[in-house]
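Under the numbering used here, the first residue of the sequence shown is numbered 33, with each subsequent residue one higher.
All remarks here apply to the structure that follows.
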Amino acid sequence: MKIQLVAVGTKMPAWVETGFKEYQRRFPKDMALELLEIPAGKRGKNADIKRILQVEGEKTLAAIPKGNRIVTLEVTGKAWDTHDLAKHMQKWQLDGRDVSLLIGGPEGLAPSCIAASEQKWSLSNLTLPHPLVRIIVAESLYRGWSLNTNHPYHRE
Numbered sequence: 033m034k035i036q037l038v039a040v041g042t043k044m045p046a047w048v049e050t051g052f053k054e055y056q057r058r059f060p061k062d063m064a065l066e067l068l069e070i071p072a073g074k075r076g077k078n079a080d081i082k083r084i085l086q087v088e089g090e091k092t093l094a095a096i097p098k099g100n101r102i103v104t105l106e107v108t109g110k111a112w113d114t115h116d117l118a119k120h121m122q123k124w125q126l127d128g129r130d131v132s133l134l135i136g137g138p139e140g141l142a143p144s145c146i147a148a149s150e151q152k153w154s155l156s157n158l159t160l161p162h163p164l165v166r167i168i169v170a171e172s173l174y175r176g177w178s179l180n181t182n183h184p185y186h187r188e
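As structure tokens, then:
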């Protein structure tokens with residue numbers, strides 16, 4: 033299974049790239065984690081946010097391979113602890129499809145992305161900076177994988 037993290041925003045600070053890549057490299061080849069960045073629309077004083085979200089949503093959905101399970105990361109989603117995530121990951125593997133996890137831009141995800149999702153996952157009730165979410169998701173997925181494979185990374 034391949035896990036695709038589709039995130040709105042490019043040109044992340046070096047610490048974000050370093051943090052994400054640290055966890056990305058730890059995944060085994062049979063569960064690769066890939067990052068796909070979608071350019072954020074230009075936001076200014078008089079920006080048409082609704083239109084920007086629509087375009088970001090179109091680009092995001094176009095980047096997802098046909099047949100992938102779509103999981104959106106949203107404040108209004110369901111909170112999963114590590115064991116919940118590990119169980120979801122097992123189900124995803126048994127499902128036989130690759131997974132695309134979607135992270136929106138400053139205003140969140142486009143309604144079209146939310147409508148296309150099969151699951152909605154909330155990392156926190158807090159509003160988290162989108163660059164940091166990439167690292168948190170990568171680490172959480174790695175921890176879920178380690179729990180499922182009895183790898184010593186996750187200790188209880």
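For every residue, glycine included, the Cβ atom is placed at its ideal position computed from N, Cα and C.
With fewer than 16 other Cβ atoms from the protein chains shown falling within 10 Å of its own Cβ, Gly-76 counts as exposed. Counted as a single uninterrupted DSSP element, the beta strand (DSSP E) harbouring Thr-104 occupies residues 101 to 111. If you compare the alpha carbons of Glu-66, Lys-91, Ser-178 and Tyr-174 with that of Pro-143, the shortest gap goes to Lys-91. Out of Val-40, Met-44, Phe-52 and Arg-58, the CA that lies nearest to the CA of His-183 is found in Arg-58. Taking a C-beta distance under 8 Å as the contact criterion, Leu-155 and Ile-167 do not qualify as a contact pair. Taking the C-beta atoms as reference points, Val-103 is found no nearer than 8 Å to Glu-66. For the pair Lys-61 and Glu-54, the Cα-to-Cα distance works out to about 15 Å.
Between Leu-133 and Leu-105, the CB-CB gap stays under 8 Å. Rounded to the nearest whole angstrom, the C-alpha separation of Ala-147 and Leu-141 is 10 Å. By the Cβ-count criterion, Ala-72 is buried, with 16 or more other Cβ atoms from all chains shown falling within 10 Å of its own Cβ. DSSP places Ile-81 within a helical segment (H, G or I) once states are collapsed to three. The beta-carbon separation of Cys-145 and Leu-68, rounded to 13 Å, does not stay under the 8 Å limit for a contact. Its chain contains Pro-163, Leu-164, Arg-166 and Ile-167 as the residues whose beta carbon lies nearer than 8 Å to that of Val-48, once the 5 sequence neighbours on both sides are disregarded; these appear in chain order.
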